[in-house]
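What follows is a single structure, written as structure tokens, with notes after it.
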Amino acid sequence: MYLRSLEMQGFKSFPDKTELKFTKGITAVVGPNGSGKSNISDAMRWVMGEQSSKALRGEKMSGVIFHGCETRKESPFSQVTLTIDNEDRALDYDSDIVSVSRKLYKNGDSEYMINGSGVRLKEVNELFMDTGLGKDGYSIIGQGRIADIVNGKSNDRREIFEEAAGIAKFRYKKQEAERKLAAAEENISRLTDILGELEDRIGPLEKQCEKAKKFRVLDDEKRKLEISVWVKRLEQYRVRLEEYEERIKLLKEQHAAVSAELEESDREIEESFRQSAESSAKVDEIRQKIHDTELESRKGEADIAVCENDISHISENILRLKEQIEQSRADKYFLEAELEKQRGQLTELKKSKLEADNAVSDKEKEFDRLINKAEESDKAVSDVNSAVNGAYLKKSKLSFQIENVKNIICETEEQIADNEAEKKQTQENSRFTQSELKKLRMDKLRAEEQQQEAQNRLSGLQKLHEKRSQKLAAADESFLKTDSELRDAAGRLQILRDLESSMEGFGYSVKHIMTAVKQGRIKNVCGTVAQLMTVKSEYSVAIETALGGALQNIVVENEEAAKRGIRLLKESRAGRATFLPVTSVKGTRLDNKGLEQEDGFVAMGCDIVSFDDKYRGIVNYLLGRICIAEDIDSAAVIAKKNGYKFRIVTLDGQVINAGGSFTGGSVSKTTGLLTRKNEIEELDRKKLALEAKRGELSNERERLRNEVNKFAADIEGLKEQLGNLGSDC
Numbered sequence: 014m015y016l017r018s019l020e021m022q023g024f025k026s027f028p029d030k031t032e033l034k035f036t037k038g039i040t041a042v043v044g045p046n047g048s049g050k051s052n053i054s055d056a057m058r059w060v061m062g063e064q065s066s067k068a069l070r071g072e073k074m075s076g077v078i079f080h081g082c083e084t085r086k087e088s089p090f091s092q093v094t095l096t097i098d099n100e101d102r103a104l105d106y107d108s109d110i111v112s113v114s115r116k117l118y119k120n121g122d123s124e125y126m127i128n129g130s131g132v133r134l135k136e137v138n139e140l141f142m143d144t145g146l147g148k149d150g151y152s153i154i155g156q157g158r159i160a161d162i163v164n165g166k167s168n169d170r171r172e173i174f175e176e177a178a179g180i181a182k183f184r185y186k187k188q189e190a191e192r193k194l195a196a197a198e199e200n201i202s203r204l205t206d207i208l209g210e211l212e213d214r215i216g217p218l219e220k221q222c223e224k225a226k227k228f229r230v231l232d233d234e235k236r237k238l239e240i241s242v243w244v245k246r247l248e249q250y251r252v253r254l255e256e257y258e259e260r261i262k263l264l265k266e267q268h269a270a271v272s273a274e275l276e277e278s279d280r281e282i283e284e285s286f287r288q289s290a291e292s293s294a295k296v297d298e299i300r301q302k303i304h305d306t307e308l309e310s311r312k313g314e315a316d317i318a319v320c321e322n323d324i325s326h327i328s329e330n331i332l333r334l335k336e337q338i339e340q341s342r343a344d345k346y347f348l349e350a351e352l353e354k355q356r357g358q359l360t361e362l363k364k365s366k367l368e369a370d371n372a373v374s375d376k377e378k379e380f381d382r383l384i385n386k387a388e389e390s391d392k393a394v395s396d397v398n399s400a401v402n403g404a405y406l407k408k409s410k411l412s413f414q415i416e417n418v419k420n421i422i423c424e425t426e427e428q429i430a431d432n433e434a435e436k437k438q439t440q441e442n443s444r445f446t447q448s449e450l451k452k453l454r455m456d457k458l459r460a461e462e463q464q465q466e467a468q469n470r471l472s473g474l475q476k477l478h479e480k481r482s483q484k485l486a487a488a489d490e491s492f493l494k495t496d497s498e499l500r501d502a503a504g505r506l507q508i509l510r511d512l513e514s515s516m517e518g519f520g521y522s523v524k525h526i527m528t529a530v531k532q533g534r535i536k537n538v539c540g541t542v543a544q545l546m547t548v549k550s551e552y553s554v555a556i557e558t559a560l561g562g563a564l565q566n567i568v569v570e571n572e573e574a575a576k577r578g579i580r581l582l583k584e585s586r587a588g589r590a591t592f593l594p595v596t597s598v599k600g601t602r603l604d605n606k607g608l609e610q611e612d613g614f615v616a617m618g619c620d621i622v623s624f625d626d627k628y629r630g631i632v633n634y635l636l637g638r639i640c641i642a643e644d645i646d647s648a649a650v651i652a653k654k655n656g657y658k659f660r661i662v663t664l665d666g667q668v669i670n671a672g673g674s675f676t677g678g679s680v681s682k683t684t685g686l687l688t689r690k691n692e693i694e695e696l697d698r699k700k701l702a703l704e705a706k707r708g709e710l711s712n713e714r715e716r717l718r719n720e721v722n723k724f725a726a727d728i729e730g731l732k733e734q735l736g737n738l739g740s741d742c
């Protein structure tokens with residue numbers, strides 16, 4: 014066995030990879046002070062497992078890494094590889110060439126390798142035992158080492174002699190075997206205690222086993238009964254759903270029929286409006302004809318009255334003329350000349366009279382066609398004509414009476430004036446009638462506008478009624494859905510509360526203690542760890558995994574309460590439990606600078622749970638040195654950088670233990686004590702929210718139902734109003 018080469022990179026004064034090869038014979042390294050000669054022997058001592066920084070002439074182990082200078086960067090790591098020829102098998106390793114490497118990073122991580130395979134420091138030390146090599150071997154003699162051997166204690170010299178004699182390895186194996194035996198004896202003692210404890214618990218456990226078997230049977234029966242109940246309920250719900258669907262279908266058909274009837278009614282109303290408009294036009298036309306006829310009738314009656322008045326005057330004139338004839342016979346000759354003159358005037362008057370008679374005759378004929386009293390009018394006209402003819406005859410005989418003619422002319426003028434007055438009165442009556450007709454037409458237009466407005470309002474109300482009906486149906490559906498969710502949440506909440514009150518999931522010993530607390534047999538018990546802390550849902554799996562069985566630890570006020578609980582469990586043979594006195598358990602929180610800046614770091618376990626400040630020492634004791642990471646990859650990086658010094662738990666329940674072991678797999682998210690507690694709180698909040706929502710929906714349903722009924726009543730009222738307006742028109 015001899016040394017073949019030494020390779021250094023980043024070690025002290027060797028920033029670059031430097032390889033020293035050794036051949037058979039003596040190799041000397043010569044150089045001035047401070048040139049790094051001793052660094053070569055330090056590299057050999059370091060690669061063979063030296064753990065003392067003072068032995069390597071430094072303050073701390075990171076001092077062996079090249080720290081850089083003005084012209085060179087610092088090295089990220091330090092690595093030394095020692096190659097030994099092992100053809101004679103002086104080293105207990107089946108290889109002709111043995112290469113031992115050690116690598117140290119700036120973050121403190123260290124690696125050992127033998128022929129490229131990762132090993133532990135223990136294996137490196139065992140490799141060099143009884144060979145004279147190694148960190149404590151006599152093959153490396155540094156400055157002052159001989160003086161240390163000569164002046165050292167006998168035990169120190171004895172180690173060197175044993176190493177030279179080749180018995181150090183056997184002494185190491187002996188010590189290792191004794192240590193293992195002591196550990197085995199300790200384990201046997203613990204197993205004996207546990208066996209004795211378990212033997213004491215066999216009796217109660219058998220009873221508990223019987224109870225558990227009965228519980229399983231009863232639980233299976235309960236589950237079957239619950240399934241049967243739910244199946245029956247589902248069947249009932251299905252039947253009710255079918256009934257509701259039938260009712261909905263029937264209501265839809267009724268709605269369609271009512272809609273069709275309503276449309277038909279609308280069409281009939283429109284047709285009625287059209288017919289009413291036509292009838293109104295005809296009525297106006299007939300009224301106008303009646304008015305014209307009445308005017309003409311009144312005019313004819315006026316003409317008849319005039320003629321009757323003329324006849325009366327003429328009769329009076331005849332009587333008066335007879336008297337005058339008797340008086341004027343004496344003046345016969347004087348008046349004959351004047352008579353001739355008056356005869357010409359009389360001829361003209363006859364012509365005027367004839368024209369008036371013709372006009373009267375025409376009016377009388379037209380009047381005969383319009384009124385039922387035509388015959389009486391004809392008779393009156395005939396009498397008038399007869400009287401006129403008689404008057405003409407008498408007048409021809411007495412035409413010489415000029416004064417009489419003058420009187421007749423005056424009377425005729427007066428009659429004309431009377432006719433003009435009657436004409437004015439007739440015009441006034443016509444204007445009054447036109448005003449009344451205009452007023453009636455305005456009333457009709459106003460009624461039609463009111464009818465159209467009522468029709469538009471009816472259409473708007475029908476649309477609002479339809480929209481409110483749709484909203485009411487949606488509100489009913491939402492109410493039923495919310496009510497179903499509320500019942501489901503209430504049922505689930507009741508089940509979880511029953512489990513929580515019966516402390517389902519806790520050990521028998523913990524239940525026994527908590528029952529004794531309720532009964533007042535033990536005092537100063539605060540509760541279990543699971544009961545005294547709360548955590549958000551997203552962290553519950555990580556905290557449950559981190560605490561594990563510690564969730565069932567019982568927190569007490571002081572040591573006396575803990576001793577009282579242990580005595581109670583021992584006397585009742587109810588098992589074992591862990592008690593955490595507030596006065597004695599004082600954990601500390603891990604304070605590792607730079608941990609918060611690591612990728613994937615969430616928080617320390619004690620920082621994401623809520624608890625009473627009096628339990629801070631207990632929470633720090635349980636969770637103060639547990640780091641919470643996002644996932645297993647981030648946890649692995651964090652653990653490696655920090656030398657696997659503390660426990661790391663991921664959000665999904667994977668664990669990297671202190672020392673480097675990994676624990677993980679699938680995790681149930683519905684069976685944990687904290688998960689159940691969080692679910693109860695969430696269901697409480699959900700139940701309150703659903704109850705409030707159901708109340709709001711109930712009020713909304715009632716409001717919409719009232720609006721639908723009001724719109725229906727308004728629609729009926731408008732239909733009745735439309736009927737009245739149609740009859741008025």
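Residue numbers (the working numbering): 14 to 742. The beta-carbon is built from N, C-alpha and C at its ideal position, and this holds for glycine as well. Model, not experiment: these values are computed from the prediction.
### Query
Sorted by chain position, which residues of the same chain lie with C-beta nearer than 8 Å to residue 275's C-beta, five sequence neighbours on each side aside?
These residues qualify, in order along the chain: 475.
### Query
Is DSSP giving residue 230 helix, strand or coil here?
Correct three-state label for residue 230: helix.
### Task
Check residue 529 in the structure and name its three-state DSSP category.
It is helical.
### Query
Within 10 angstroms of its Cβ, does residue 599 collect 16 or more other Cβ (buried), or is it exposed?
The residue in question, residue 599, is exposed, as its Cβ has fewer than 16 Cβ neighbours within 10 Å.
#### Entry: Beta-carbon separation (whole angstroms), residue 559 vs residue 636, contact threshold 8 Å
6 Å between Cβ atoms; contact.
### Message
Considering just the uninterrupted stretch of the beta strand (DSSP E) at residue 95, what are its terminal residues?
### Response
Run containing residue 95: 90-98, per the beta strand (DSSP E) assignment.
### Query
Quick check: the stretch 81-97 against the stretch 18-31, are there 3 or more CB pairs under 8 Å?
Under the three-pair Cβ rule at 8 Å, the stretch 81-97 counts as touching the stretch 18-31.
### Residue burial classification, residue 13 (beta-carbon count within 10 angstroms, cutoff 16)
Residue 13 falls outside the range modelled here, since the chain spans only 14 to 742, and no answer is possible.
### Task
Please classify residue 660: does DSSP put it in a helix, a strand, or coil?
The three-state secondary structure of residue 660, taken from DSSP, is strand.
### Task
Report all residues from its chain with a CB closer than 8 Å to the CB of residue 75; omit the five preceding and five following residues, and keep chain order.
Sequence-distant Cβ neighbours of residue 75 in its own chain, meaning closer than 8 Å and more than five residues away, are 117, 119, 121.
### Task
May I ask you to report which of helix, strand or coil DSSP gives residue 637?
In this structure, DSSP gives residue 637 a state outside helix and strand, which the three-state scheme calls coil.
### Query
If you draw a straight line from the alpha carbon of residue 115 to that of residue 19, how long is it in whole angstroms?
If I take the Cα positions, the gap works out to 12 Å.
### Query
Would you call residue 588 buried or exposed, if buried means 16 or more other Cβ atoms sit within 10 Å of its Cβ?
So residue 588 ends up on the buried side.
### Message
To test your reading of the DSSP string, which unbroken beta strand (DSSP E) runs of 3 or more residues are found completely within the stretch 120-147?
### Response
Complete beta strand (DSSP E) runs here, min 3: 123-127, 130-132.
### Query
Are any of the Cβ atoms in chain E nearer than 9 Å to that of residue 588?
The question asks about chain E, but that chain is absent: this structure has only one protein chain.
### Task
Go to residue 645, then tell me how far its alpha helix (DSSP H) extends in each direction, as first and last residue.
Residue 645 -> alpha helix (DSSP H) spans 645-654.
### Local Cβ density within 10 Å of residue 557, reported as buried at 16 or more and exposed below that
Looking at its Cβ environment, which holds 16 or more other Cβ atoms inside 10 Å, residue 557 is buried.
#### Entry: Contact between the stretch 620-632 and the stretch 514-533 (3+ Cβ pairs under 8 Å)
At 8 Å Cβ cutoff, the stretches do not touch.
### Message
For residue 582, report the span of its alpha helix (DSSP H) as first-last.
### Response
From DSSP, the alpha helix (DSSP H) with residue 582 extends over 572-585.
### Query
Can the beta-carbon of residue 595 be found less than 9 Å from the beta-carbon of residue 552?
One thing to note: residue 595 has its Cβ no nearer than 9 Å to the Cβ of residue 552.
### Task
Look at residue 488 and residue 277 and say whether their C-beta atoms are less than 9 Å apart.
Taking C-beta atoms as the reference points, residue 488 and residue 277 fail to come closer than 9 Å.
### Message
DSSP has residue 593 in a bridge; who is on the other side?
### Response
As computed with DSSP, residue 593 is found in a beta bridge with 568.
### Task
Look at residue 721 and residue 505 and say whether their C-beta atoms are less than 9 Å apart.
With a cutoff of 9 Å on beta-carbon distance, residue 721 and residue 505 are scored as not near each other.
#### Entry: Secondary structure of residue 199, DSSP reduced to three states
Note: residue 199 maps to helix in three-state DSSP.
### Task
List the endpoints of the continuous beta strand (DSSP E) containing residue 541.
Counting along the chain, the beta strand (DSSP E) containing residue 541 begins and ends at 538-541.
### Task
Quick one: grab the DSSP three-state call for residue 631.
Helix at residue 631.
### Task
Would you mind stating whether residue 645 and residue 667 have Cβ atoms separated by less than 9 Å?
Yes; because the gap between Cβ atoms is below 9 Å, this pair is in contact.
### Message
Rounded to whole angstroms, what is the Cα-Cα separation between residue 539 and residue 204?
### Response
Taking C-alpha positions only, residue 539 is separated from residue 204 by approximately 32 Å.
### Other residues of its chain near residue 138: CB distance less than 6 Å, five sequence neighbours each side excluded
Short of 6 Å from the beta carbon of residue 138, and not among the five residues preceding or following it, lie these beta carbons of its own chain, in chain order: 62.
### Task
Could you check the C-alpha separation between residue 291 and residue 303 for me, to the nearest Å?
The C-alpha of residue 303 is placed about 18 Å away from the C-alpha of residue 291.
#### Entry: Bridge partner(s) assigned by DSSP for residue 113
Residue pairing by DSSP places residue 113 opposite 95, 127 in a beta bridge.
### Query
Cβ atoms of residue 542 and residue 593: under 9 Å apart, would you say?
Their beta carbons are under 9 Å apart, which means residue 593 touches residue 542 by this criterion.
### Message
Output needed for residue 104: all residues of its chain with C-beta closer than 7 Å, excluding positions within five of it in sequence on either side, in chain order.
### Response
14, 97, 111, 140, 144, listed in sequence order.
### Task
Enumerate in chain order the residues of its own chain whose CB-to-CB distance from residue 518 is below 7 Å, with the five nearest sequence positions on each side excluded.
Scanning its chain for C-beta atoms nearer than 7 Å, with the 5 sequence neighbours on each side dropped, one finds around residue 518 the residues 686, in chain order.
### Message
What residue range does the beta strand (DSSP E) around residue 615 cover?
### Response
From DSSP, the beta strand (DSSP E) with residue 615 extends over 614-617.
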